[in-house]
Amino acid sequence: MLKKLLAGFKNGAAKLVFDPVSALQDEVSCSICLEYLRDPVTIDCGHNFCCVCITNYCERWEGSTAEVFFCPQCRAGFLQTTFRPNKQLANIVEGIEQLALQPDKEPKEKLYMNGMHHVILFLSLVDVTLDPNTANAYLLLSQDRRSVRVGDKRQDVPSNPERFDMCTCILGQQRFTAGRHYWEVEVGDKTCWTLGVCEECVSRQGIFTPSPATGFWTVWLRNGNEYAALTSHLTELTLRVKPRQIGILLDYEAGEVSFYNVNGSSHIYTFSDTFLEPLRPYFYPGVRAGGLNDAPLTLRPGTQQP
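The structure is reproduced here in structure tokens:
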């Protein structure tokens with residue numbers, strides 16, 4: 588169902604051809620009772636259920652010696668003591684119910700776009716941090732490893748084969764081999780950056796040009812207003828609203844990497860491919876440009892561990 592939601596982004600809001608409210612209704616329904624989520628709770632694997640439904644599900648195990656239960660959707664293990672109430676999702680459910688009760692009143696497309704964005708955010712937001720062992724020696728990392736910028740001199744860092752020796756880029760600590768994962772990066776008023784994912788096995792030595800052929804699925808900004816997807820022939824992109832936050836959604840099994848303008852609530856570009864290697868988040872904060880591009884790239888803290 589999430590792929591149907593994403594399809595609506597790909598051609599822009601004006602070309603949505605499905606009923607967004609109906610699609611969102613499916614996403615905020617409990618897979619146990621098939622009704623709207625009531626007092627939703629999140630379990631260890633990230634799936635969500637009505638508090639009563641998942642509690643009753645666990646009670647079926649009474650009398651056994653098992654302390655670990657298994658998710659009704661993905662069969663991942665979880666502990667009943669780790670249920671996390673999700674107020675954000677409860678608010679989303681309430682908003683969708685209100686939309687569903689107004690069939691004769693056409694909501695604004697922006698409301699649809701914002702609603703779909705927040706559902707995507709809720710379902711897939713992961714906690715991505717930066718891997719200092721891969722950082723080029725000119726990069727400066729924040730203490731919490733969520734921000735990176737280019738410094739004016741080379742840092743005294745250990746030499747290792749994981750580190751990018753020529754390009755001022757860095758990878759995320761996390762590696763993905765399956766599933767759907769979403770994270771956001773604050774780009775602010777930067778004039779140059781590249782973001783996306785790459786294969787874990789990409790070469791870290793020398794100068795390279797990111798493209799799917801070399802194991803990179805990325806978009807970039809150059810000269811303050813030139814956006815492009817780094818396909819084999821470079822695909823120029825036209826954005827109506829300058830993004831200050833970029834959302835990246837990786838769907839490993841579907842072979843898709845999608846980029847979103849978070850503050851503009853719009854889809855930017857989607858790569859379609861087949862992934863065979865572990866993937867890692869990729870960050871290039873750009874050159875300093877005489878101080879015009881000194882601001883960092885900053886990762887938004889996530890709510891789920893990958």
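Position 87, counted from 1, in the sequence shown is what the working numbering calls 674; the numbers after and before it change by one each time, with no gaps.
Backbone N, C-alpha and C define an ideal beta-carbon position, used for all residues, glycine too.
The model shown is predicted, which means the values in this text are computed figures rather than measured ones.
Pairwise C-alpha distance: residue j and residue i
i      : j      : result
Ser798 : Glu786 : 11 Å
Cys779 : Leu808 : 5 Å
Asp860 : Pro830 : 25 Å
Leu712 : Arg767 : 9 Å
Thr764 : Pro865 : 5 Å
Trp804 : Thr716 : 19 Å
Gly811 : Val737 : 17 Å
Gly682 : Phe670 : 23 Å
Leu666 : Leu836 : 28 Å
Glu622 : Glu684 : 11 Å
Glu654 : Thr801 : 46 Å
Lys674 : Gly889 : 16 Å
Leu884 : Arg867 : 16 Å
Thr822 : Ser845 : 14 Å
Leu726 : Glu749 : 15 Å
Leu826 : Glu813 : 9 Å
Leu824 : Gln730 : 34 Å
Ile630 : Leu728 : 32 Å
Val874 : Cys658 : 46 Å
Ala734 : Ile833 : The displayed chain sequence assigns Ser, not Ala, to residue 734. Rounded to the nearest angstrom, the two C-alpha atoms are 14 Å apart.
Phe862 : Gly878 : 38 Å
Asn880 : Pro672 : 40 Å
Pro745 : Tyr869 : 21 Å
Same chain, Cβ closer than 6 Å to residue i, five either side skipped, listed in chain order
i      : result
Glu693 : Reliability fails at Glu693, whose pLDDT of 40 lies under 50, so the model's placement of it is uncertain and no value is given.
Asp626 : Cys638
Ala663 : Cys632
Asp718 : Leu758 and Gln760
Thr781 : Thr805, Trp807 and Tyr871
Arg732 : Thr716 and Leu717
Cys661 : Cys632
Val789 : Gly802
Opposing strand residues paired with residue i [DSSP bridges]
i      : result
Gln685 : Note: Gln685 sits in no beta bridge, so no partner.
Phe846 : Ile835 and Tyr856
Cys617 : In the DSSP output, where bridge partners are listed per residue, Cys617 has none listed.
Arg809 : Glu813
Val557 : Nothing can be reported for residue 557: it is not among the residues displayed for the chain, which extend from 588 to 893.
Tyr623 : Ser616
Glu773 : Gln832 and Thr885
Glu823 : Ala815
Ile757 : Phe870
Asn635 : Thr629
Pro672 : Val628
Phe665 : Phe656
Leu717 : Gly759
Thr781 : Trp807 and Tyr871
Leu863 : For Leu863, which the question treats as bridged, DSSP gives no partner whatsoever.
Leu917 : As shown, the chain starts at 588 and ends at 893. That puts residue 917 outside it, with no answer to give.
Glu646 : Its beta-bridge partners do not exist; DSSP assigns none.
Glu786 : Leu866
Cut-off 8 Å between Cβ atoms - residues of its own chain near residue i, not counting five sequence neighbours on either side
i      : result
Val828 : Asn848, Asn850, Gly851 and Ser853
Leu624 : Val615, Ser616, Cys617, Asn635, Phe636, Cys637, Leu676, Ala677 and Val680
Phe656 : Tyr644, Cys645, Trp648, Gly664, Phe665, Leu666 and Gln667
Cβ separation of residue i and residue j, assumed to be a contact under 8 Å, to the nearest whole Å
i      : j      : result
Asn747 : Asn723 : So it is not a contact: roughly 12 Å between Cβ atoms.
Thr857 : Glu843 : 6 Å
Ile757 : Val806 : Rounded, the Cβ-Cβ distance is 17 Å, inconsistent with contact.
Ile641 : Val628 : 6 Å
Val784 : Leu886 : Not confirmed; about 14 Å, so no contact.
Residues near residue i in its chain [Cβ-Cβ closer than 7 Å; skip 5 each side]
i      : result
Gly775 : Arg831 and Ala882
Ala876 : Thr778 and Cys779
Q) Can we say the segment 753-762 touches the segment 792-809, given the rule of at least three CB pairs closer than 8 Å? A) The segment 753-762 vs the segment 792-809: in contact.
**Q.** At least three beta-carbon pairs within less than 8 Å, the segment 735-744 to the segment 805-822
**A.** Too few Cβ pairs lie closer than 8 Å, so no.
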